[in-house]
Amino acid sequence: MNKYLYFISMSLEEIKEIKIVYILAIIFYLLFFLSIGSFLNVLIYRLPKGLSIIKNSSHCPNCGYKIKWYENIPIISYLLLRGKCSNCKEKIAIRYFIVEILSLLIAIISLIRFDLSYTSIIVTLLLEIFVVIFYIDKNEMIIPDVLNIIILILSIISLFFVNITSHNQEIIIDYKDKLISIVINIVIFVIFIIIEKIIQKSIIGGGDLKLFFGIGIFMGWQLELLGIVLACIIGVVFEILFFKTSKRKVLPFGPYLVCGFTISLFFGPDLILWYLGLF
Ligand SMILES: [Zn+2]
């Protein structure tokens, strides 16, 4: 880490030394990501519809009732309103509640894994975007470009802050592994283009390929490829277990990809170590 970045991270170290400030920082961190949960719901609802994400306050999709601020408190409001619009009593999708809980859970898990650090903040933001991709791709079969752009920005920031290691530090993913991923992803991209040209059929979404580029820079080529393999395994298992009767023609790959990448991000280096140890 260069001196300048070390200087910035010093302040976080200093924060940790004073207990009460540390506790307050953690509370602020959790509250911040709890409030982000509501925003994720806005993204999931509005992005595919092409609606503005900043203009217009939240309203009931059924009766158009403008939701008051105290009816929009993450997690709590859903429970108090018992999952219904206070005006027309129409049910509010359980997704709103799940996404708000997930947003908080992700922040807690990152905190446990990476402590209060720039890494945990950037990882949490990445996983929160994963939640949005999961829902939008599951429902609409697209990954909006803006989400891939946010991931790319997080990835470039991660070049300076995020080094992912195995627990014994034997495997360290650094910026070289991240930069190599760009070359590998160009190769993957070209291979898919050639295959699609030959068989005259689309086999992977453009959004998925763009996601590969951002993720490769974020977690290095090794963890990216591992994540894709995991996504394929999870995808095959789920499609067989839950969708065998529906015979879906086009499968959304995004939800499986974000699951594979998440596992790879947290356990990838240790999984690779374990795998290498088999030989
Ligand atoms: Zn309503």
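Numbering (our numbering), first residue to last: 1 to 279.
Quick reminder that beta carbons are idealized off the backbone N, C-alpha and C, glycines included.
These numbers were taken from a predicted model, which means no experiment stands behind them.
* What does F59 pair with, by DSSP beta-bridge criteria? -> Taking the sequence shown and counting its residues from 1, one reaches residue 59 at position 59. Sequence inspection shows His at residue 59; the Phe mentioned does not correspond to that position. Its beta-bridge partners are K66.
* **Run of the alpha helix (DSSP H) containing A107, from where it starts to where it stops** => Here residue 107 refers to the residue found at position 107 of the sequence shown. Counting along the chain, A107 sits inside the alpha helix (DSSP H) bounded by residues I94 to F114.
* Which of helix, strand or coil DSSP assigns to K91 -> Counting from 1 along the sequence shown, the entry for residue 91 is found at position 91. Three-state DSSP puts K91 in a strand.
* To do: Rounded to whole angstroms, what's the CA-CA distance from F39 to L47? Just pull it up for me.
  => Here residue 39 is taken as the residue at index 39 of the sequence shown, counted from 1. Here residue 47 is taken as the residue at index 47 of the sequence shown, counted from 1. Distance between the alpha carbons of F39 and L47 is about 11 angstroms.
* For K84, the residue or residues it bridges with in DSSP -> In the sequence shown, counting from the first residue as 1, residue 84 sits at position 84. According to DSSP, K84 bridges with K91.
* **For I73, the three-state DSSP class (helix, strand or coil)** => As a first step, residue 73 is located in the sequence shown; it is residue number 73 there, counting from the start. Residue state, collapsed to three classes: coil.
* Could you tell me the distance, in whole angstroms, from the CA atom of F238 to the CA atom of Y78? => Here residue 238 corresponds to residue number 238 of the sequence shown, with the count starting at 1. Here residue 78 corresponds to residue number 78 of the sequence shown, with the count starting at 1. C-alpha separation (whole angstroms): 29 angstroms.
* To do: Taking A285 and Y29 to be in contact with their CB atoms under 8 angstroms, please state how far apart those CB atoms are, rounded to whole angstroms.
  => This structure does not reach residue 285, given that the chain is present from 1 up to 279, and the question cannot be answered.
* Asked: How would you write the range of the alpha helix (DSSP H) that E170 sits in, first residue to last?
  -> Residue mapping note: residue 170 aligns to position 170 of the sequence shown, counting from 1. Careful: E170 lies outside any alpha helix (DSSP H) and carries neither H nor E.
* Straight-line CA distance for F242 to G83? -> The count along the sequence shown starts at 1 and reaches residue 242 at position 242. The count along the sequence shown starts at 1 and reaches residue 83 at position 83. Straight through space, the alpha carbons of G83 and F242 are spaced by roughly 27 angstroms.
* Inter-stretch contact at 8 angstroms, needing at least 3 Cβ pairs: the segment 159-177 / the segment 127-142 -> Cβ pair count under 8 angstroms is below three, so no.
* Report the option in P252, L225 and F253 whose CA atom is closest to the CA atom of L271. => Taking the first residue of the sequence shown as position 1, residue 271 is located at position 271. Considering only alpha carbons, the answer is L225.
* With N284 as the anchor, note down where its alpha helix (DSSP H) starts and where it stops. => Residue 284 cannot be examined here, being either before or after the span of the chain that is shown, 1 to 279.
* For L111, which residues from the same chain have a beta carbon less than 6 angstroms from its beta carbon, with the 5 sequence-adjacent residues on both sides left out? -> Translated into the one-based positions of the sequence shown, residue 111 becomes position 111. Same-chain partners within the cutoff: S120.
* List the endpoints of the continuous alpha helix (DSSP H) containing D270. => If you number the sequence shown from 1, residue 270 lands on position 270. G254 to L276 is the span of the alpha helix (DSSP H), which, as asked, contains D270.
* Excluding the 5 residues preceding and the 5 following G214 in the sequence, name in chain order all residues of the same chain whose CB lies nearer than 8 angstroms to its CB. => Taking the first residue of the sequence shown as 1, we reach residue 214 at position 214. Contacts found: N148, I151, L152, L154 and S155.
* Grab the span of the alpha helix (DSSP H) containing L226 for me, first residue to last. => Position 226 of the sequence shown, counted from the first residue, corresponds to residue 226. That run of the alpha helix (DSSP H) goes G206 to F242.
* Which residue's Cα is closest to the Cα of L116: P252, L24, G254 and C259? -> Position 116 of the sequence shown holds residue 116. Taking only the C-alpha atoms, the option nearest L116 is L24.
* Start and end of the alpha helix (DSSP H) containing K197? -> Residue 197 sits at position 197 when you count from the first residue of the sequence shown. Residues Y175 to I199.
* Asked: Got a sec: does ligand 1 put a non-hydrogen atom nearer than 7 angstroms to the Cβ of Y45?
  -> The residue labelled residue 45 in the question sits at position 45 within the sequence shown. Not under cutoff, so the answer is no.
* To do: Could you tell me if the beta carbon of Y65 falls within a distance shorter than 7 angstroms of some heavy atom in ligand 1?
  => As a position in the sequence shown, residue 65 is number 65, starting the count at 1. Yes, the Cβ of Y65 comes within 7 angstroms of a heavy atom of ligand 1.
* To do: Please list, in chain order, all residues of the same chain as Y256 whose beta carbon is under 8 angstroms from its beta carbon, the five residues on each side excluded.
  => For the purposes of this step, residue 256 is taken as residue 256 along the sequence shown, with counting starting at 1. Result list for Y256: A231, C232, I234, G235 and F238, in chain order.
* **I76 versus G50: straight-line alpha-carbon distance, rounded** => On the sequence shown, residue 76 is found 76 positions in, with the first residue counted as 1. On the sequence shown, residue 50 is found 50 positions in, with the first residue counted as 1. Going by the C-alpha atoms only, they are around 29 angstroms apart.
* Backbone secondary structure at F279 - three-state DSSP -> For the purposes of this step, residue 279 is identified with residue 279 of the sequence shown, where counting begins at 1. Coil.
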